[in-house]
Each structure stands twice: as C-alpha cells, then as structure tokens.
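A.B. asks: Sending over a structure as structure tokens; questions will come in a sec.
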Amino acid sequence: MFNWSKKKSKLLYKYLFSYLLVFMLPFITISTILYHISVGKLEKEIIRSNMDKIDQIKDMTDTRLSELNSLATKISYDHRLTPYMLTEPYYDQQAIEELIRYKMSNSFIDEIFLNFNESKDLVYSSKGTSTFHTFVQSTYPVKNKDIEALNKGMQIQSNPLSQIIDIVSKNSNGKRVIAYSYPIPIQSSSPYGTVTFFIKEETLSKLMKNALGDFEGNSFIFDADYNLFASNENGVQIDLDFVKNISANNDGNTHKDFKNEDYSFSIARSQLSGWTFVSVMPTQQFYGKMTSLKYFIFMVLLGLAVVGITVVCYLSFKQYKPIQNLAQYLGNKEQMNHSKKQSNEIELIRTKIESIYEDSEFLKRKIIAHKPFVRAQFLTNLLKGEGKEHQDIIALANDLKISLRGDSFFVIAVSYKGKIKKQETFTYWKKIVETIHEISHEECCGYGVELVHDYTAAIIVNIKDDSSNWNESRQLFSHHLIELLKKHCSILPFVGIGQIYKEANKINRSFIEATASIENDILHHETHAIFFEDLSIDNDETIWFPEESRLKFIQSLKQGDRVVAKETLAEILDSLAQKKFPSYMLKCTCFDLINTVLKTIAELGIEHNPEEVKRLSDFQTLDQLKESATIFIDQICLEVEKRKESHNDQLRDNIMEYIQKQYKHHTLSLEMISDHFQISSSYVSRFIREQTGITFTQLVWKLRMDEFKQQLVNTNRTIKEIVLDIGYFDVSNFTRKFRKEEGITPSQYRKYHQQNRDDQKAL
Numbered sequence: 005m006f007n008w009s010k011k012k013s014k015l016l017y018k019y020l021f022s023y024l025l026v027f028m029l030p031f032i033t034i035s036t037i038l039y040h041i042s043v044g045k046l047e048k049e050i051i052r053s054n055m056d057k058i059d060q061i062k063d064m065t066d067t068r069l070s071e072l073n074s075l076a077t078k079i080s081y082d083h084r085l086t087p088y089m090l091t092e093p094y095y096d097q098q099a100i101e102e103l104i105r106y107k108m109s110n111s112f113i114d115e116i117f118l119n120f121n122e123s124k125d126l127v128y129s130s131k132g133t134s135t136f137h138t139f140v141q142s143t144y145p146v147k148n149k150d151i152e153a154l155n156k157g158m159q160i161q162s163n164p165l166s167q168i169i170d171i172v173s174k175n176s177n178g179k180r181v182i183a184y185s186y187p188i189p190i191q192s193s194s195p196y197g198t199v200t201f202f203i204k205e206e207t208l209s210k211l212m213k214n215a216l217g218d219f220e221g222n223s224f225i226f227d228a229d230y231n232l233f234a235s236n237e238n239g240v241q242i243d244l245d246f247v248k249n250i251s252a253n254n255d256g257n258t259h260k261d262f263k264n265e266d267y268s269f270s271i272a273r274s275q276l277s278g279w280t281f282v283s284v285m286p287t288q289q290f291y292g293k294m295t296s297l298k299y300f301i302f303m304v305l306l307g308l309a310v311v312g313i314t315v316v317c318y319l320s321f322k323q324y325k326p327i328q329n330l331a332q333y334l335g336n337k338e339q340m341n342h343s344k345k346q347s348n349e350i351e352l353i354r355t356k357i358e359s360i361y362e363d364s365e366f367l368k369r370k371i372i373a374h375k376p377f378v379r380a381q382f383l384t385n386l387l388k389g390e391g392k393e394h395q396d397i398i399a400l401a402n403d404l405k406i407s408l409r410g411d412s413f414f415v416i417a418v419s420y421k422g423k424i425k426k427q428e429t430f431t432y433w434k435k436i437v438e439t440i441h442e443i444s445h446e447e448c449c450g451y452g453v454e455l456v457h458d459y460t461a462a463i464i465v466n467i468k469d470d471s472s473n474w475n476e477s478r479q480l481f482s483h484h485l486i487e488l489l490k491k492h493c494s495i496l497p498f499v500g501i502g503q504i505y506k507e508a509n510k511i512n513r514s515f516i517e518a519t520a521s522i523e524n525d526i527l528h529h530e531t532h533a534i535f536f537e538d539l540s541i542d543n544d545e546t547i548w549f550p551e552e553s554r555l556k557f558i559q560s561l562k563q564g565d566r567v568v569a570k571e572t573l574a575e576i577l578d579s580l581a582q583k584k585f586p587s588y589m590l591k592c593t594c595f596d597l598i599n600t601v602l603k604t605i606a607e608l609g610i611e612h613n614p615e616e617v618k619r620l621s622d623f624q625t626l627d628q629l630k631e632s633a634t635i636f637i638d639q640i641c642l643e644v645e646k647r648k649e650s651h652n653d654q655l656r657d658n659i660m661e662y663i664q665k666q667y668k669h670h671t672l673s674l675e676m677i678s679d680h681f682q683i684s685s686s687y688v689s690r691f692i693r694e695q696t697g698i699t700f701t702q703l704v705w706k707l708r709m710d711e712f713k714q715q716l717v718n719t720n721r722t723i724k725e726i727v728l729d730i731g732y733f734d735v736s737n738f739t740r741k742f743r744k745e746e747g748i749t750p751s752q753y754r755k756y757h758q759q760n761r762d763d764q765k766a767l
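For the sequence shown, the positions run 5 to 767 when this note's numbering is used.
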C-alpha cells in the first residue's frame, strides 16, 4: 500500500518551494531593474514615450498612405477599371462594384474616384458615374474656392498630390477632407488618368486620439508646406503660428518658451509623405509625473509581490491535486470509480488526446481516399523511368502499401489496340482494369496501372528474392494472367512480356520490351502472349544485329524514352563493332539502322530536317554515327513527349467541356463520363485531379455553386427551383452546405447582393 499522506507532504513542499523560487528570483531581479530605471532614467523614458506616441502616429499614417499607394497601383492594373470597362454600359456596373470593394477594403478612405484623360469631364466614383460639375455640386459637395484646385489635382501627370479641400455639410458647418491624387499608372511617363482618395480630417484626428490615448497635450499634423491637416487639442492654449515656426526649425524633442511659459515639443517628420507630426504640452506638466510614477511603480511592485506569493501558494495546492489523482489513476486503474467525472487538468488532457486521435483518424481516412491517385502516379513514373534510386523506390512503395519483396522485376503489357470495336472493347476493358489492379501468384506479385491511350495497361511484376528460377516464375505468372483474362473476356487482348531486370529503376526497360512485343503481336496477328526474347526473325530478311534489339529500339522511340533508346543504340553499335564485317557490309548495316530511325519517324508522322538526315548519313566511323543518332533520338523523344502532353491537354479540354455542358444534370457521374469518352472511371477520376488539382466532386460542386449564385442574384426564381435546376434534389442539405461555405443562407445572400445592385442603379 502507498503511504499517500507522506508522499503528499513531500510533493506539496517541493511544489511550494519550486514555485516560490521560480517566482521570486526573476521578480526581485526585474523589480530592482525597473525601480532603478524609473528613478534614474525616468526623464528619458518620458521623453521617449512621447516620441514613441508621435512616431506611432507618423508610422500609422505612413502605413495608411502606403496602403493608398498600393491601392492606386492595383487600380491602375485592374482590368475591370480601365477606361473601356467604365464607359461600356455592359461592364460599367461591374467596374463601380469593384471601386466599392476597393473603398470598403480600407477604412481610411471616405471616397474614391477615377478620372481619365480621354474623358476629363467624367468622374467615376463608388457612388456611380457623373460629370465633374455634378460630383462637386451634388455627389460630394465642395466649396467653390476649392473646386478649381481639386480639378487641377485630378490632372496631375507625375508625382502624387495632396490637397486640403473644404466640404459643404448638411448642417452648414464646413468640414475638411484631404484629397490624395495619384497618376495611373503610377510612375508612368504617360499616365492615362488619375485616382483620387478623399480622407476626412476627422479620420486623422481620431487616429491621433486613439494613438495618444490619455495624452494631456495638443497634437498636430502639417503638410510639407506646414498647412494644418488635422489637430487634436486637449486643453493647451498655444498659438498655431508659433507651433508652425518651431516645427519648421526643429526635430525630435525640444523645449521652447512662449509667453513666459516653457513648452515641450515632440516633432517627427515622415520621409514618405513629407508631413510633420507635432505634440505639445507644458514642460512642468511634462515632468510632473515623475514623483507620482515613482510612488505608483513602488506600490505596483509591492502589490505584485503579495499577489504573486498568494498565487504561488494557491497553485502549489491546486497543481498537487491533479497529480495525486493521476498517480491514483495509474496505480489503481482497475479499482477506479469510472462513473465519477474528473473535472481537472488531467481529464482535460485525456479529452484532448482523444480529440487529437479522432483528428488523426480523419486525416488518415483522407489519405486513404487519395491513395489510388498517388499509387497510379507512382507506377506510371516507374514505367516512364522517372523513378529514383532503387532503395528510394522501395521506401515509397512501402508507404503506398505496395509490397516489393525482391529486386527483380518485369513488365507485362496488355492492349486491345485495334483488335475489336470500341464499345465492345470498353466493356471488356473495365473488367481487365479491375482484374490487373493487384495480382499475386506463387513467388510473384503484380500491380497494374491503366495507361493514357489505345486501351493499354501495364503490370509491374516483382519476383521474390527466394525464387529458385526467375524465368520459370515469370512464365507461370504470365500463364496465370492469361487464365484470369479468359475468365473475364471472350476476346483476349494482346499480351507482351518484357525481360527480367534487377532493381526497380530499370523497370522502364522491361516496359519498352513488353510494348515492342505487343507491336510484333499486332503485326503478325498472334493470339498468345509474346515474350520479348521469343520474337521471331523472318528467314528472308538479311540483318546483322538482333531483331529484338531493333524492335526495342523502335518502341523506345515511340514511347519517347530517350534513356532506353540510347542504351539500345549503344548495344547495337557495340555488337557491330565486335563483328568482323567487310567495310561495305558494315556500311550497309549502318544504313539499315538509319533507315529504321527514318521509318519510325514516318510512322510517328514527325517532320524531319533534310540537313539533319544528311548529317546522320554522312559518317565515317561508328562513333560519328552514334553521336549524330543520339542528337536525332533527343529530337524524336522531345517531339513524342510534346504530343503526349498535347493529347492530355485535348482530353482535359474535352472532359471539361463535357462537364460544363452536363453539370446541371443530377445523373452526372464518373461512370457517365467514362462511358462517353470510352475510358475507365478510375482513370477519369485520376485524370481530373491531376489536371485541375481538385476532385471530380469538388469540381462539380464549384460549377453548381457558381451557377446557383448567378441565378440567385439575377433571377426571381425560388431557391428550390434553382437548386433543382442545378442538379440537386435535397434542398435542405444544399442550403446547409451553402451556409457552411458562405457563412450566410441563400436568402441572405440574395438580399445582400440584390440590395447592392439596386443601390448602384439608383446612383
């Protein structure tokens, strides 16, 4: 039995001593330093505090003006705010809405308007389009004395211009605004107009008041010519001309006498705008806070010490209790009363761990949902020869739950290319894709992936390290695959089997051989699986290098695999170099190889440059031929890669066009698209995600949401009618999803946007 009372006293005293030590050491040190600073350097601190406040006003104002500069830059390059968009009846409303968004994005702005050189008399503001006369008389009434100055400011051609404009208010009390005009585009030698921002004087005054807080003096903002922009007076009576004179000839903190009373000035100048920011208060009042601050700091530190010690004692007891509960929970788990709820930190930690676990499970489910896309991309990259080192490939395969238990691989290619009619092919093809997804037989395990074109798929087969005979295992697996295909298809596809290669980064060699076997199968109308090494050689054909090498070379060019093509070319030329041919026979053999390249180019429909062909045929040694042919191979493979990309782009455009036309139908599905384009639904799903970055479901939801919003704002149809029109039946479920995404209900969305539209029309 545990002696809990004894352990309790030891643990409690340990907690109490530790908390006191942790609190008192830094507290005493910090308190001593703070008190020393308050007594010895309080004057500097007060001066710096006042300078910080005025600098804060300057920095906040500079930040706001920088935001105006950024807004002006964005507006100058916004295609929705060009002269054409604002003058075209169809687009002008959209442009005005854009001005409203710019205005709403910055609380510093009271109004924003545009003026273009080609229509100088027109002003485009967030309240609509009007003539300049109407704008300054009705839309935003300006006093007559400032109308001409504002008009000139709107015609600036170089640097930004700030002006003080008097506004006529409803209560007949004049108000002032700051007009800040930028030529657009900014820093352009030939601007096509200006954008002007109106900033209320009271906005700057409020900014100063909020920044200064309980500051007991006066504060001012002057422009570069020391015209008063804004002020915040707080009981200090001082002549404005005197303040201007001091501000113009001094900087930082200074003390000046005015009418036998000394005043402290804090002055800061903005490098960005040229404005001057000034705060003024009597010097006696400025330093009169020192005594009260000393006493205040001492009392605060004393109070903090008392509170801190009290808190330390409380926390010592409070923190001990959950630790004791946890120890009892761990020591007497089976005898705990589970029905009693524990309202302490340990319970909270346990709840948090459960929450983290649930989140982890949710993320795991999402990863599993995306696993087929990653798996297909991984296998496709292996077939293209884009894999990394063998060990890296094995590690990535393990992450995808693909078991590669050996380092020997071969590829089987399955194709219906040109064998039967399309619809019949598609029916069988879907069964084949499902069948080859993963196949295990004795010492082999294969993983299938559907390729882009011609109803072709590939199976990457891994042979266990402990296999006694690799070739026999390959033949048994291939026979097993044929039997599976016979069960699902009355008409067997073409099947080609590549040779065995060591290490996973050479799988693409076997894939080239497998597709070459299929090409031979198609040409000779074979009905059984063709192993690459068993390719037949026509007796009447006179050649001096292996036919399988020729086929592998041709297929690597057709697949655009320059690595395998160059390897095969090197093997052919090395075999020729080792044979003792007369020079004329060697020359003929080389021309036969060149003819093979040209014939492949012709089959691919690739145009070639006669000069390059001449350079290819004009060789004196095998090394020269290899060098010229290598350049030719790079050009051919580059063109093949471009065509594959073009094919993907065309397929993407066709699928997207089909979805655009069909997304309103509730029957739209992956199966519907796959039937239309005669490709499997799994490939359609993977292809859409690769090309758009989102899933098919997300894509359809986005299209339907955009259409729903458009009809919601621009038609009077009921929400139910619109929901049914875009392909949904469950109105309540759709409404719930809409609110979760937009933050408001469809009715609120309609009311808000239609009201904005009506307001714009009224203007």
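Ideal placement from N, C-alpha and C gives every residue a C-beta, glycine not left out.
In whole angstroms, what separates the C-alpha of E631 from that of S686?
C.D. replies: Within the sequence shown, numbered from 1, the residue matching residue 631 stands at position 627. Within the sequence shown, numbered from 1, the residue matching residue 686 stands at position 682. Each residue's Cα considered, the two are about 43 Å apart.
A.B. asks: Let me confirm a value: E454 is counted as buried when at least 16 other C-beta atoms fall within 10 Å, else exposed. Which label applies?
C.D. replies: As a working note, residue 454 is residue 450 in the sequence shown. E454 should be labelled buried.
A.B. asks: Measure the C-alpha to C-alpha separation of Q60 and K107 and round it to an integer number of angstroms.
C.D. replies: Position 56 of the sequence shown, counting from 1, holds the residue named residue 60. Position 103 of the sequence shown, counting from 1, holds the residue named residue 107. Roughly 24 Å between the two C-alpha positions.
A.B. asks: Would you kindly check if the distance between the Cβ of V465 and the Cβ of C448 is under 8 Å?
C.D. replies: Locating residue 448 in the sequence shown gives position 444, counting from the first residue. Locating residue 465 in the sequence shown gives position 461, counting from the first residue. Yes.
A.B. asks: What are the boundary residues of the beta strand (DSSP E) that G500 is part of?
C.D. replies: Taking the sequence shown and counting its residues from 1, the one referred to as residue 500 is at position 496. From DSSP, the beta strand (DSSP E) with G500 extends over F498 to I501.
A.B. asks: Would you mind listing the alpha helix (DSSP H) stretches within the stretch 587-616 that are 4+ residues and don't spill past its ends, in chain order?
C.D. replies: Within the stretch 587-616, the runs of alpha helix (DSSP H) at least 4 residues long that lie entirely inside it are, in chain order, 587-608.
A.B. asks: Decide yes or no for the touch test of the stretch 723-732 against the stretch 484-502: beta carbon pairs closer than 8 Å, at least 3 of them.
C.D. replies: no
A.B. asks: Out of F414, A215 and R708, state which residue places its alpha-carbon closest to the alpha-carbon of T519.
C.D. replies: Working through the sequence shown from its first residue, we reach residue 519 at position 515. Taking only the C-alpha atoms, the option nearest T519 is F414.
A.B. asks: Within the same chain, show all residues whose beta-carbon is closer than 8 Å to that of L602, passing over the 5 residues directly before and after it, in chain order.
C.D. replies: The sequence position of residue 602 within the sequence shown is 598, counting from 1. Closer than 8 Å at Cβ, skipping near neighbours: H612 and V617.
A.B. asks: Among the candidates Q715, K210, K646 and I160, whose CA atom is the shortest distance from the CA of S193?
C.D. replies: As a working mapping, residue 193 is identified with position 189 in the sequence shown. The residue with the shortest Cα to Cα distance from S193 is I160.
A.B. asks: At the level of alpha carbons, what is the spacing between A508 and A569?
C.D. replies: As a first step, residue 508 is located in the sequence shown; it is residue number 504 there, counting from the start. As a first step, residue 569 is located in the sequence shown; it is residue number 565 there, counting from the start. Cα to Cα, A508 sits roughly 18 Å from A569.
A.B. asks: Rounded to whole angstroms, what is the Cα-Cα separation between G239 and P286?
C.D. replies: Working through the sequence shown from its first residue, we reach residue 239 at position 235. Working through the sequence shown from its first residue, we reach residue 286 at position 282. Approximately 11 Å, taken between the alpha carbons.
A.B. asks: Since N222 and S235 should fall inside the 8 Å C-beta cutoff, what is the C-beta to C-beta distance between them, to a whole number of angstroms?
C.D. replies: In the sequence shown, counting from the first residue as 1, residue 222 sits at position 218. In the sequence shown, counting from the first residue as 1, residue 235 sits at position 231. Here N222 really is in contact with S235; their C-beta atoms are around 7 Å apart, less than 8 Å.
A.B. asks: Using the rule of at least 16 other Cβ atoms within 10 Å of the residue's Cβ for burial, across every protein chain shown, is C594 buried or exposed?
C.D. replies: Looking up residue 594 in the sequence shown gives position 590. Taking all protein chains shown into account, C594 has 16 or more neighbouring C-beta atoms within 10 Å of its C-beta and is therefore buried.
A.B. asks: Give the range of the beta strand (DSSP E) segment to which I169 is assigned.
C.D. replies: As a working mapping, residue 169 is identified with position 165 in the sequence shown. Its beta strand (DSSP E) spans residues L165 to I171.
A.B. asks: Counting only beta-carbon separations shorter than 8 Å, does I79 have a partner in chain B?
C.D. replies: Any reference to chain B falls outside this structure, which holds one protein chain only.
A.B. asks: Can you give the Cα-Cα distance for Y756 and L154, rounded to whole angstroms?
C.D. replies: Walking along the sequence shown from the start, residue 756 turns up at place 752. Walking along the sequence shown from the start, residue 154 turns up at place 150. Taking the Cα positions, Y756 is about 34 Å away from L154.
A.B. asks: Which value, in whole angstroms, describes the spacing of the CA atoms of S185 and T200?
C.D. replies: If you number the sequence shown from 1, residue 185 lands on position 181. If you number the sequence shown from 1, residue 200 lands on position 196. So the two alpha carbons sit approximately 4 Å from each other.
A.B. asks: Between the alpha carbons of L24 and H40, how many angstroms are there, rounded?
C.D. replies: Here residue 24 is taken as the residue at index 20 of the sequence shown, counted from 1. Here residue 40 is taken as the residue at index 36 of the sequence shown, counted from 1. When rounded, the distance between both Cα atoms is 24 Å.
A.B. asks: With burial defined as no fewer than 16 other Cβ atoms inside 10 Å of the residue's Cβ, what is the status of Q559: buried or exposed?
C.D. replies: Counting from one through the sequence shown, the residue named residue 559 turns up at place 555. That one is buried.
A.B. asks: For I398, I'd like the list of residues in its chain whose CB is within less than 7 Å of its CB, leaving aside the five on either flank, ordered along the chain.
C.D. replies: Indexing the sequence shown from 1 puts residue 398 at position 394. Excluding five sequence positions before and after I398, the CB atoms of its chain that fall closer than 7 Å to its own CB belong to L408 and A508, given in chain order.
A.B. asks: Could you give the DSSP three-state label for M64: helix, strand or coil?
C.D. replies: Along the sequence shown, read from residue 1 onward, the residue named residue 64 stands at position 60. Three-state result, M64: helix.
A.B. asks: Among D470, Q624 and K131, which one has its Cα closest to the Cα of R761?
C.D. replies: As a first step, residue 761 must be located in the sequence shown, where it is residue number 757. It is K131.
A.B. asks: In the DSSP output, what is A228 paired with across the bridge?
C.D. replies: For the purposes of this step, residue 228 is taken as residue 224 along the sequence shown, with counting starting at 1. Its beta-bridge partners do not exist; DSSP assigns none.
A.B. asks: Nearest by alpha-carbon distance to D638: which of L211, E607, L69 and D565 is it?
C.D. replies: Within the sequence shown, numbered from 1, the residue matching residue 638 stands at position 634. Of the listed residues, the one whose Cα sits closest to D638 is D565.
A.B. asks: What are the residues that DSSP puts in a beta bridge with H259?
C.D. replies: The residue labelled residue 259 in the question sits at position 255 within the sequence shown. Partner(s): S268.
A.B. asks: Taking Cβ positions, are E523 and S553 nearer each other than 8 Å?
C.D. replies: Taking the first residue of the sequence shown as position 1, residue 523 is located at position 519. Taking the first residue of the sequence shown as position 1, residue 553 is located at position 549. Against a cut-off of 8 Å, the Cβ pair of S553 and E523 comes out as no contact.
A.B. asks: Look at the Cβ atom of I190, then the Cβ atom of A99, and state whether they are nearer than 8 Å.
C.D. replies: Start at 1 with the first residue of the sequence shown, and residue 190 comes out as number 186. Start at 1 with the first residue of the sequence shown, and residue 99 comes out as number 95. Cβ atoms of I190 and A99: not closer than 8 Å.
A.B. asks: Taking 8 Å as the threshold, find out whether the stretch 30-40 comes into contact with the stretch 254-266 through three or more Cβ pairs.
C.D. replies: no
A.B. asks: Check whether the Cβ atoms of Q764 and Q97 lie closer than 8 Å to each other.
C.D. replies: Here the question's residue 764 lines up with position 760 in the sequence shown. Here the question's residue 97 lines up with position 93 in the sequence shown. Contact flag set, yes.
A.B. asks: Determine the extent of the beta strand (DSSP E) in which E115 is found, giving its start and end residues.
C.D. replies: As a first step, residue 115 is located in the sequence shown; it is residue number 111 there, counting from the start. Element bounds for E115: E115 to F120.
A.B. asks: For the stretch 648-667 against the stretch 696-715, are there 3 or more C-beta pairs whose distance is under 8 Å?
C.D. replies: yes
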